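*Asks:*
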Amino acid sequence: MATQQAKVARVAVTEAAAALMRSLYEANGPLMFHQSGGCCDGSSPMCYLAGEFRTGASDVLLERLEVEGVAEPVSFWMGAEQFERWRHTHLTVDVVPGRGSGFSLEAPEGVRFLIRSRLLTDAEEEVLERRTLS
Amino acid sequence: MTRFAAPGQPDALMAYQARYDHWIGGEYAAPVGGGYFENPTPVTGQTFCEVARGTAADVERALDAAHAAAPAWGRTAPAQRAEVLNKIADRMEQHLSELALAESWENGKPIREALAADIPLAIDHFRYFAGAIRAQEGSLSEIDEDTVAYHFHEPLGVVGQIIPWNFPILMAVWKLAPALAAGNAVVLKPAEQTPVSVHYLMSLIADLLPPGVVNIVNGFGVEAGKPLASSARVAKIAFTGETTTGRLIMQYASENIKPVTLELGGKSPNIFFDDVSNLRDDFYDKALEGFTMFALNQGEVCTCPSRALIQRGHYEDFLADAIARTERIVQGHPLDTDTMVGAQASNDQLEKILSYLDIGQAEGAKVLIGGERVDLGGELTGGYYVQPTIFQGSNSMRIFQEEIFGPVVSVAQFDTYDDAIRIANDSLYGLGAGVWTRDARTAYRAGRAIQAGRVWTNCYHLYPAHAAFGGYKGSGIGRENHKMMLDHYQQTKNLLVSYSPKAMGFF
C-alpha cells in the first residue's frame, strides 16, 4: 500500500493507482476524487484537478490520501446520501486497463480508476465513526 | 441460427473505416491536435479502428460550423424539417441490418437486440418527432381589447449533446431527433467507448442534412467533453451518463447560465406481488421474462431492473422459476442471432462488475446463480463476458443501492404492499421501476406511490416514443421520448402587441 499502514482509514490506494496518480499529478497538478453513482461510468471514482469539481454541504470528505510523490494530499469525496450507504465499507482505489469515462483525468491513458471494497472491521468502524474530517 | 460476419469480413454487411476523423460542416475534419486513439471491439478485445482525439480547438470548429448552419435550419419550415427526419428514418430502415451490425460490434451487445430494439426504436424516433414538430402550435392570448400576446416556439440555436456508450446509435437519436425537429444545430460528442457507430450512421444520412446541422466531435471527456459543456457558444447541454459527471456538467453550464437536461441512471426495483403466481398462464410466463430483463443489454441500461422485490407468499416458487428462466439465457457470440447476452462494453466495465460481485458476497448476499467472469473461448477469449448473476440479500446492501451496470439482479423479499413501496423508494435514484400484479388497484396505487419517472406496469424495458422517460431524485432532470422534449430544445418568444394608438399616461 502506498498510504499509511497502521492508521485506520476509509480509503486506501494500490501501488498501481498511486503510480498513476503520480504521473497525473506531474502532468496536471494537485488532484481530487469524487465517487460517482448512477449509470454508465458510474459507481466509479472520478479523478479531477483539485478544486475542479465543486463540493459542498452535500458531500463528505472520506480521506485525504497521502501519496508518495504527490505533494498535496488527494481528497477523496463522495455525495453525503451515497456515503450513508457506503459507510460500512472500506474502499481501495485501484487501476485497470480500460477506456476511461466521464471527465476523469486518466481516460486518455488507456486505464481507469476503480474501487475495490471490503467490509470495515468493527474496530475500524469504531475509530472511523468517531473521526470527523473537515 | 445465423452468424453475421464481423464488419470488414468479405461477406459482411458493412465495414468500418480504419480511421475516423471528426465530422464537421458536412465533411470529415482531422483533429487539430493530430492525435488518435484506438477503438477495440468488446466482442474480442481487438482494436478495429482509430478515432480522432478531439480537443477544445475541434469543439470550436464544430461550433463554428453549427452556428453557420443554425439560422437557416431554424428558419426551415417545420414541414420541411419533418421531411428530412422522415427521410433519415427511411434511409435507416433500408440499412437496418447494417446499422445493427455496426452497433453490435462496437458495443458488444447481441445483434438480436440491435435488430429487434435499438435500430427500430431509433428509426421510429425520427418519425415521431417529424410528426410532433408539425403538430406543434404556439398560442395567443387576448389580454384586452387592444393588446394581444403571441407565443412562438423558437429554436435555441446550437446545442451540445454528450451521449453514453450503452446504446450508441439509439442514444444519439434520442438526442438528435428532438433537437433537429426543434430547428437546432448540434455538436454531438459520442462516448469514447463507442465512438464510431454514429459515424457509420452519419455516412448513410449525410446527404439528407444541410452541412453543419449535425457535427460530431470525438475524444475523451476531459479533452473534448469539457470544452463543449463549458462553452458559452451552446444554448443548452444534454447529457446521459453518471451522477458525478452530470453534476460537473451542470457546474460548467452554470458558468454561462445555460440550461441542462440530464439522465443519470437508476437502481430500478422490479416488484412482483403474490397474485402474479395465482395462475400458471401467459402472464406468469411474461412476469418471468420481466424478472429476466435484468440481463437485457448485459445489464448496461440505466433502467436495469437490478432489484427484484418478490412478495413473501410466492417468494420460493417464483424465485425458483425465475432462476430456471435465467439459466435459459443464451450467452455467446454477439453476432449469433441466438445470443441473448453478449459482451460488456469495455474491460473496465467488466472489472467494475466483478468488484460488485465481490462486495456483494462480502456483505453476505448469496449467489443463487452465476457470479463469475466467463471465458467463451476461441476468438472471444479476449472479450468482456460475465455470467448473468442472481444475488439474494437485503435492500441496505451496496449491491441493492448502486448501479452495477451488469447482468446482475439482487433479490429481496417483502411482506406487504407498504413494505414494497418503502423498499422501492429506499434508493438515491428514481428512473425506472416495474410493477407486476393482476390487481388493477394495486397496479395503479403502486405506480403512483413509487418515486420514479417511468413505472412499467406488467411489462418492462419498453421505450416507445410518446411515452415520457426521465428521472426523479438523483436520476436527472428533464424527460425524453415525448413531444414535451421539444420544450427543452426551444424557447418561447412572446410578441406583446398593442393595437392602441394612445399613450399610456406615464410620461
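Chains as they are written, first to last, in the numbering used here: chain A, 1 to 134; chain B, 135 to 641.
A virtual CB, placed ideally from N, CA and C, is assigned to each residue, including glycine.
Bear in mind the structure is a predicted one, so any value in this text is a computation, not a measurement.
1) Which residues of chain B have a Cβ atom closer than 9 Å to the Cβ of Ala107(A), listed in chain order?
2) Would you identify the three-state DSSP class for Tyr623(B), choosing helix, strand or coil?
3) Counting only the same chain and skipping the five closest in sequence on each side, list residues whose C-beta sits under 6 Å from that of Ile253(B).
4) Taking Phe354(B) and Gly100(A) to be in contact with their CB atoms under 8 Å, please state how far apart those CB atoms are, rounded to whole angstroms.
5) Just how far apart, CA to CA, sit Ile524(B) and Pro541(B)?
6) Exposed or buried, what is Pro312(B) when buried is set at 16 or more other beta-carbons lying within 10 Å of its beta-carbon?
7) Starting from Thr374(B), follow its DSSP beta bridges and name the residues at the other end.
8) Please work out which residues of its chain come closer than 6 Å, Cβ to Cβ, to Leu91(A), disregarding the five sequence neighbours upstream and downstream, and give them in chain order.
9) Please go through the same chain and pick out, in chain order, the residues whose beta-carbon is closer than 6 Å to the beta-carbon of Arg414(B), but skip the five residues on each side of it.
10) Look at the alpha carbon of Ala149(B) and the alpha carbon of Ser331(B), and state the distance between them as a whole number of angstroms.
11) I'd like to know if Gln4(A) contacts chain B, where contact means its C-beta is closer than 8 Å to some C-beta of that chain.
12) Nearest to Ile383(B) by alpha carbon, out of Arg572(B), Gln180(B), Ile297(B), Gly447(B)?
13) Along chain B, in chain order, which residues have C-beta atoms closer than 9 Å to that of Thr89(A)?
14) Could you please give the first and the last residue of the uninterrupted beta strand (DSSP E) stretch that includes Gly566(B)?
15) Quick one, are the C-beta atoms of Val307(B) and His259(B) less than 8 Å apart?
16) Does the separation of the CB atoms of Tyr597(B) and Gly399(B) fall below 8 Å?
17) Using a cut-off of 8 Å between C-beta atoms, extract the partners of Lys243(B) located in chain A.
18) With 8 Å set as the bound, which would you pick, yes or no: does the beta-carbon of Ser337(B) sit closer than that to a beta-carbon of chain A?
19) What's the call for Pro205(B), buried or exposed, on a 16-neighbour Cβ count within 10 Å?
20) Give every residue of the same chain whose Cβ lies closer than 7 Å to the Cβ of Leu565(B), excluding the five residues on either side of it in the sequence, and list them in chain order.
21) Can you tell me whether Glu52(A) is helix, strand or coil according to DSSP?
22) Going along chain A, which residues have a C-beta under 9 Å from Glu115(B)?
23) Kindly list, in the order they appear in chain B, the residues whose Cβ is closer than 8 Å to that of Ser104(A).
24) Would you give the residue range spanned by the alpha helix (DSSP H) that Arg85(A) belongs to?
25) My output table needs one value for Asn404(B): the three-state DSSP class, helix, strand or coil.
26) Count the other C-beta atoms from every protein chain shown that fall within 10 angstroms of the C-beta of Gln5(A), then say buried if there are 16 or more, exposed otherwise.
27) Mark Met619(B) as exposed unless 16 or more other C-beta atoms lie within 10 angstroms of its C-beta, in which case mark it buried.
28) Rounded to whole angstroms, what's the CA-CA distance from Lys627(B) to Ser273(B)? Just pull it up for me.
29) Within this structure, are the beta carbons of Ala316(B) and Tyr623(B) separated by less than 8 Å?
30) With 16 as the cutoff for other CB atoms within 10 Å, does Ser58(A) come out buried or exposed?
31) Quick one: grab the DSSP three-state call for His132(B).
32) Please state whether the Cβ-Cβ distance between Pro324(B) and Asn300(B) is less than 8 Å.
33) Could you name the residues of the region 16-29 of chain A whose beta carbon sits closer than 7 Å to any beta carbon of chain E, in the order they occur along the chain?
34) Of all Cβ atoms in chain B, is any one closer than 8 Å to the Cβ of Gly42(A)?
35) Under three-state DSSP, which class holds Glu106(A)?
36) To which residues of the same chain is Gly359(B) closer than 6 Å at the C-beta, ignoring the five residues directly before and after it?
*Replies:* The answer reads as follows:
1) What you label residue 107(A) is simply residue 107 of the first sequence in a count that begins at 1. Within chain B, the residues near Ala107(A) are Glu326, Phe354, Gly355, Val356, Glu357.
2) Here the question's residue 623(B) lines up with position 489 in the second sequence. Coil.
3) One-based indexing of the second sequence puts residue 253(B) at position 119. Cβ neighbours of Ile253(B) beyond the five flanking positions: Leu230, Leu233, Ala234.
4) Within the second sequence, residue 354(B) is the residue found at index 220, counting from 1. Within the first sequence, residue 100(A) is the residue found at index 100, counting from 1. So it is a contact: roughly 6 Å between Cβ atoms.
5) What you label residue 524(B) is simply residue 390 of the second sequence in a count that begins at 1. What you label residue 541(B) is simply residue 407 of the second sequence in a count that begins at 1. Spanning the alpha carbons of Ile524(B) and Pro541(B) requires a straight line of approximately 9 Å.
6) Along the second sequence, one-based indexing puts residue 312(B) at 178. Pro312(B) comes out buried.
7) Sequence index remark: in the second sequence, residue 374(B) carries index 240 (1-based). The partner list for Thr374(B) (beta bridge, DSSP) reads Glu397(B).
8) Residue numbering aside, residue 91(A) sits at position 91 when the first sequence is read from its first letter. The answer, listed in chain order, is Val11, Ile115, Ser117.
9) To locate residue 414(B), count along the second sequence from 1; it is residue 280. Counting only Cβ-Cβ distances below 6 Å, and skipping sequence neighbours, we find nothing.
10) For the purposes of this step, residue 149(B) is identified with residue 15 of the second sequence, where counting begins at 1. For the purposes of this step, residue 331(B) is identified with residue 197 of the second sequence, where counting begins at 1. Cα-Cα distance, rounded: 11 Å.
11) In the first sequence, residue 4(A) corresponds to position 4, counting from 1. Confidence is the limiting factor: at Gln4(A) the pLDDT is only 46, short of 50, which leaves the residue's position unreliable, though a coordinate-based value still follows. For Gln4(A), the answer is no, since every Cβ of chain B falls outside 8 Å of its Cβ.
12) Position 249 of the second sequence holds residue 383(B). The shortest C-alpha separation from Ile383(B) is found at Ile297(B).
13) As a working note, residue 89(A) is residue 89 in the first sequence. Within chain B, the residues near Thr89(A) are Ile493, Ala496, Glu497, Arg532.
14) Along the second sequence, read from residue 1 onward, the residue named residue 566(B) stands at position 432. Segment 566-570, the beta strand (DSSP E) holding Gly566(B).
15) Here the question's residue 307(B) lines up with position 173 in the second sequence. Here the question's residue 259(B) lines up with position 125 in the second sequence. In contact: Val307(B) and His259(B) (Cβ atoms closer than 8 Å).
16) Residue 597(B) sits at position 463 when you count from the first residue of the second sequence. Residue 399(B) sits at position 265 when you count from the first residue of the second sequence. Cβ atoms of Tyr597(B) and Gly399(B): not closer than 8 Å.
17) Along the second sequence, one-based indexing puts residue 243(B) at 109. Near Lys243(B) there are no residues of chain A at all, since even the closest Cβ is about 14 Å away, more than 8 Å.
18) Within the second sequence, the letter at position 203 stands for residue 337(B). For Ser337(B), the answer is no, since every Cβ of chain A falls outside 8 Å of its Cβ.
19) The residue labelled residue 205(B) in the question sits at position 71 within the second sequence. The residue in question, Pro205(B), is exposed, as its Cβ has fewer than 16 Cβ neighbours within 10 Å.
20) Numbered from 1 along the second sequence, position 431 holds the residue referred to as residue 565(B). So the qualifying residues of the chain are Gly399, Gly400, Ser402, Cys436, Thr437, Ala586, Gly587, Arg588, Gly605, Ser609.
21) Walking along the first sequence from the start, residue 52(A) turns up at place 52. Here Glu52(A) sits in coil by DSSP.
22) A question about residue 115(B) goes unanswered here, because the residues of chain B that appear run from 135 up to 641.
23) On the first sequence, residue 104(A) is found 104 positions in, with the first residue counted as 1. In chain order: Gly355, Val356.
24) The residue labelled residue 85(A) in the question sits at position 85 within the first sequence. First-last of the alpha helix (DSSP H) with Arg85(A): 80-86.
25) As a first step, residue 404(B) is located in the second sequence; it is residue number 270 there, counting from the start. DSSP places Asn404(B) in strand when its eight states are reduced to three.
26) Residue numbering aside, residue 5(A) sits at position 5 when the first sequence is read from its first letter. Because the pLDDT of Gln5(A) is 46, which lies under 50, any placement of that residue in the model is unreliable, and the number read from its coordinates should be weighed accordingly. By the beta-carbon neighbour count (other beta carbons within 10 angstroms, threshold 16), Gln5(A) is exposed.
27) Along the second sequence, one-based indexing puts residue 619(B) at 485. Buried, since its Cβ has 16 or more Cβ neighbours within 10 Å.
28) Translated into positions along the second sequence, residue 627(B) becomes position 493. Translated into positions along the second sequence, residue 273(B) becomes position 139. In a straight line, the C-alpha of Lys627(B) is about 11 Å away from that of Ser273(B).
29) Walking along the second sequence from the start, residue 316(B) turns up at place 182. Walking along the second sequence from the start, residue 623(B) turns up at place 489. It is a contact, given that the beta carbons lie within the stated cut-off.
30) For this step, residue 58(A) is matched to residue 58 along the first sequence. Exposed, by the Cβ-count rule.
31) Because chain B in this structure spans residues 135 to 641, residue 132(B) falls outside the shown range and cannot be described.
32) Here residue 324(B) refers to the residue found at position 190 of the second sequence. Here residue 300(B) refers to the residue found at position 166 of the second sequence. Contact: no.
33) Absent from the structure: chain E. Protein chains present are A and B.
34) Translated into the one-based positions of the first sequence, residue 42(A) becomes position 42. By this cut-off, Gly42(A) is an interface position.
35) Locating residue 106(A) in the first sequence gives position 106, counting from the first residue. Of the three classes helix, strand and coil, the one that applies to Glu106(A) here is coil, per DSSP.
36) As a position in the second sequence, residue 359(B) is number 225, starting the count at 1. Ile296, Lys323, listed in sequence order.
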